[in-house]
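Number of protein chains: 2
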Amino acid sequence: MLRVSYDELYTALYHAMLSLGFASERAAQCARLFAETTRDGVYTHGLNRFPRFAASIANGSVNVSAEPSKTAGMGAIERWDGHRGVGNLNAQASMQRAIDLAKQYGIGGVALGNTNHWMRGGSYGLQAADQGMFAMCWTNTLANMPAWGAKTPTLGNNPLIIAIPRAGGHVILDMAASQFSYGTLAAYSKRGQPLPVDGGFDSAGNLTKDAAAIEASQRALPIGYWKGSGLSLVLDMLAAMLSGGLATHQIPRDPTRESGISQIFLAIDPSSVADQQELTQIAEGILNTLREATPVDAGKPVRYPGEQMLHIREENLRLGVPVDPEIWKQVNDLRQS
Amino acid sequence: MLRVSYDELYTALYHAMLSLGFASERAAQCARLFAETTRDGVYTHGLNRFPRFAASIANGSVNVSAEPSKTAGMGAIERWDGHRGVGNLNAQASMQRAIDLAKQYGIGGVALGNTNHWMRGGSYGLQAADQGMFAMCWTNTLANMPAWGAKTPTLGNNPLIIAIPRAGGHVILDMAASQFSYGTLAAYSKRGQPLPVDGGFDSAGNLTKDAAAIEASQRALPIGYWKGSGLSLVLDMLAAMLSGGLATHQIPRDPTRESGISQIFLAIDPSSVADQQELTQIAEGILNTLREATPVDAGKPVRYPGEQMLHIREENLRLGVPVDPEIWKQVNDLRQS
C-alpha cells in the first residue's frame, strides 16, 4: 500500500484543482475537503472519487466557478440555488449559512437546489460540530434503489448526517438509506466475498449476500426493508420541495452526469437552551453506558458513530494516508500538465 | 371482531379519561388522540394501550393535571419541561409551539424533557401537516435494543416521524429504530408465525425470524444493523441534551413506569420559501414516479408512507373501528365507575 503524508496529499489535490480551473482560494477549500475525507478513512469519497469529479467538470455537469445565491427566505430558513457549482463547496457554504442563522435564531435551515454531489456528507456535520452546533443534513441522489415492493430503482440512497459536538470527539452519523453503496458492493464482488448481511435481491427476487448478484439485478436493499424505503422517499420530498430543485426521479442516472441535486442543511445552537457543562454531562452519560454494554465479541468494545474515524485519522496522520497508486499518479500528472 | 363507531369509541374514552381525573377539555383532547390512533389502524398505540396508560396514572408515573412550561429559549428554539404530564397532550402542545415558531421564523423547534410516552408519534406529524407544515419529531424510550456489537439492551427504539403536507393525503413516515416492536414480536410469537424478515438474535447469537426467540434473548435488531444502532444513539443524544431531560439509559425499564422521557419537535413552514403550486407539482411528480415503479407482486402497487393508513381510516369509519372486546369492556366499566 502506498502512503503519502497529509500535506503531500493536500498539495497535490490543490494543484490538481488549479489545473481544473479553480480560483486559488476555492482550490484550497475543495482540496482540503477531498484530503480530509481520505485522511478520515472514507476512501470511497475522497481521492478515489477524484477521477469521476474531474470527468463531471470536463462534461460540463459541474461548473468550477459558480457560487450559490439566495433565492428566497424568511427568518431562519432560506432557499439557495447552487448554480450547478462544485458540490462540496456549495454544501460547505450552505452549512455555514445554516450555522450563522442558528447563531441568530437558535436554529437555522438552508434548502439548496441545483447543486452537485457533496462527496462525504459527514464533512458538513463535522463543520457544524467544530463550531459547537448540532446539525442534520441530507442530500438526494440519482435513482439507485427500488422502493420496497418494487423491482425498478426509483429512489436514491439519500445519505442522512446527524452530528453532535463533543470535546472528546464529535458523534457523527453518516448513513445512506441503502444497506450498502454500489462502491461497497463492487469491492465485495471483486474480492469474491459474501456481504456480512443481506444487501439486496438477486434477479430471482431472493434476498442475498452475493454482491455480484445485486450489481446484476440493480436491486439494492433499503435499510430496514420498508423503513429505509420510506425514509429515502421523505428525505427526497423535503429536499426537492423546499429547495425547488430536482427530485431523485429527475436526476440523470449516469454517475458522471448526476447533477442538479437537492440538499437540506439544519443547524441548532445548543447554547440557546443549555450550558456546556450540562451538555457534556448528558453526552458522557450516554456514551459511558454504550461502552459498558456487554460486547458480542469480548475483544470488540461497542463504538459510537464517528469513534472509529478518529482512530483511522490518527493512524493516517502518523503513518501517511493510503492512496491508490494509479489515482495518485493521475492527480500528480494533472498538476504538472 | 367487534367494531364500534368512531363516535362511540371517542365518547367511551372521553368518559374514561374523566374517571381518571382529567379536566374536561383535556379529557376530550386525550380521548381524541387515542380514538384517532385506533381509527387509523395503529392498534398497538390507541385503545389497546389504554390499560397501560391507566396503570401509569395509577402508579403516579403520569400526572393528568400537569401542563408543560417553557424553561429556556432563544429565537426559534425553546426548551420545555413536561412535568411528567400526559404524554400525548404534552407532545401535541409542543408540536403546536414548534408550528407557531415556524410561522414566525420559517422554522421552529421545541425540546421537551420530563414528559411521558406520546402513544402514536404520527399524531404530531399529522397535526403539523394539517396546518401546512413540514415536520420532524422523535422521542427516546426505555432501553429495549442492544447497540450493534452488544448483547445487552442500552438503546431505545426511538421512533422518528417525518411529515409532508399534501392535499391528496399527507406523506408520513413513523419509523422506530428497531425492525419490529416488542408488540409486533408478541403478536407473531402468539400466532407461532415466522417474522417476514430477520427481527433479532436468538440466545445463541444467530439472526432469526423466530419472534419467541427474540423475546427470550431481548436482542431486537436495529434497522439496517449498525445503521439503526447509530441512528437510535444520536436521536437520544439530541433529545436528552437539548431538552435537559433523561436519556434512554436513565429511563425506568418497567413499561408502566417508563417516565420522564425526552422529545424533539421541529416544524418548517414551506410558504417561507415556496408557493403552493410548486410544492404540489414536485410532490406529485415524486409520488407518480413511485406509483409507476414495477411492483414485485403485480397485484400490489407500491405505496407511499401514510397511504395505507388512509384506506384503513376510511374502512374503519365506514364499518366501525375494531376493538378488543376485553379492553372495550374495561374502558366502559371505568366510565360507569
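The listed protein sequences derive, respectively, from chains A and B.
When you line the first sequence up against the working numbering, it's residues 22 to 358, in that order.
When you line the second sequence up against the working numbering, it's residues 22 to 358, in that order.
All C-beta atoms, glycine included, are put in the ideal place defined by N, C-alpha and C.
Looking at the secondary structure, which residues open and close the beta strand (DSSP E) in which residue i lies?
i	result
PHE201/A	Counting along the chain, PHE201/A falls outside any beta strand (DSSP E), and DSSP gives it neither H nor E.
PRO339/B	In the sequence as presented, Pro is not what sits at residue 339/B; that position holds Arg. That residue, ARG339/B, is in no beta strand (DSSP E); its alpha helix (DSSP H) goes 328-340.
PHE155/B	155-160
GLU99/B	98-102
ILE183/A	181-185
ASP195/A	192-196
Based on Cα-Cα distance, which residue from the options lies nearest to residue i?
i	options	result
ASN137/B	ILE282/B, ILE307/B and TRP349/B	ILE282/B
PRO343/B	SER45/B, GLU57/B and HIS36/B	GLU57/B
PRO322/A	LYS172/B, GLY265/B and ASP151/B	LYS172/B
ARG70/A	LEU23/A, ASN80/A and TRP139/A	TRP139/A
GLY146/B	LEU68/B, ASP61/B and PRO186/B	PRO186/B
GLU299/B	LEU267/A, VAL294/A and GLY320/A	LEU267/A
GLY189/A	PRO326/A, PHE286/A, ASP223/A and LEU355/A	PRO326/A
GLY170/A	GLY220/B, VAL317/B, ARG118/B and GLY94/B	VAL317/B
ASN109/A	ARG324/A, GLU305/A, LYS230/A and ALA49/A	ALA49/A
TYR126/A	GLY96/B, ILE183/B and LYS248/B	GLY96/B
ASP28/B	SER45/B, ALA52/B and TRP247/B	ALA52/B
LEU338/B	GLY62/B, ALA114/B and GLY306/B	GLY62/B
PRO89/A	ILE128/A, GLN284/A and GLN297/A	GLN284/A
LEU176/B	ARG324/A, GLU347/A, ASP345/A and ARG24/A	ARG324/A
LYS248/B	VAL255/A, ARG312/A and LEU181/A	LEU181/A
SER82/B	SER280/B, ARG60/B, SER144/B and SER250/B	SER280/B
TYR64/B	ARG24/B, LYS91/B, ASP102/B and GLY103/B	ARG24/B
SER292/B	GLN152/A, PHE286/A, ARG100/A and GLY226/A	ARG100/A
SER250/B	PRO72/B, PRO174/B and ILE128/B	PRO174/B
ARG278/B	ALA164/B, ILE120/B and LYS124/B	ALA164/B
Would you give the residue range spanned by the alpha helix (DSSP H) that residue i belongs to?
i	result
MET140/B	Note, MET140/B: premise wrong, no alpha helix (DSSP H); not H, not E.
GLU29/B	27-40
THR59/B	45-60
MET258/A	247-264
LEU110/A	108-126
ILE78/A	71-79
Run down chain A in chain order and give the residues with a C-beta less than 8 Å from the C-beta of residue i.
i	result
GLN192/B	Correcting the residue identity first, residue 192/B is Val in this sequence and not Gln. Ordered by position in chain A, the residues that pass the 8 Å Cβ test against VAL192/B are LEU254, VAL255 and MET258.
ILE307/B	LEU254, ASP257, MET258, ALA261, ALA268, THR269 and HIS270
GLN125/B	GLY96
PRO326/B	GLY251, LEU254 and VAL255
ALA132/B	VAL294
MET154/B	Chain A residues near MET154/B: none, gap ~12 Å exceeds 8 Å.
Please compile the residues from chain B whose C-beta is within a distance smaller than 8 Å of the C-beta of residue i.
i	result
ILE185/A	VAL255, MET258, LEU259 and MET262
HIS66/A	Those do not exist, as HIS66/A stays about 17 Å from chain B at its closest Cβ, beyond 8 Å.
MET116/A	Going along chain B, no residue has its Cβ under 8 Å from MET116/A, so there is no contact; the nearest lies around 15 Å.
So if DSSP puts residue i in a beta bridge, which residue, or which two residues, is it bridged to?
i	result
LYS91/A	TRP101/A
ALA171/B	PRO316/A
ARG24/A	PRO343/A
ALA132/A	ARG100/A and ILE285/A
LEU228/B	PHE222/B
LEU176/B	MET166/B
SER280/A	ASN137/A
PRO243/A	SER199/A
Comparing the CB of residue i with every heavy atom of the ligand FAD, is any distance shorter than 7 Å?
i	result
GLY127/B	For the structure depicted, the ligand FAD is absent and the ligand set is empty, with no information on it obtainable.
What in chain B is Cβ-close to residue i, meaning under 9 Å?
i	result
THR315/A	PRO167, ALA171, LYS172 and THR173
ARG100/A	SER293, VAL294 and ALA295
LYS321/A	GLY170
In chain B, what lies closer than 7 Å to residue i by C-beta?
i	result
TYR27/A	Here the premise fails: no neighbours, minimum Cβ distance about 27 Å.
GLU299/A	GLY265
ILE128/A	ALA97, ILE98, ILE128 and GLY130
Going along chain A, which residues have a C-beta under 7 Å from residue i?
i	result
VAL218/B	TYR246
GLN200/B	GLY245
MET196/B	LYS248, GLY251 and LEU252
ALA304/B	MET258 and MET262
Just the chain A side, please: which residues come within less than 9 Å of residue i by C-beta, in chain order?
i	result
LEU311/B	ALA168, ALA171, THR175, LEU176, LEU254 and HIS270
GLY81/B	Going along chain A, no residue has its Cβ under 9 Å from GLY81/B, so there is no contact; the nearest lies around 25 Å.
Enumerate, from N- to C-terminal direction, the unbroken alpha helix (DSSP H) stretches of 4 or more residues contained entirely within the region 283-321 of chain B.
-> DSSP runs (the alpha helix (DSSP H)) wholly in the region 283-321 of chain B: 297-313.
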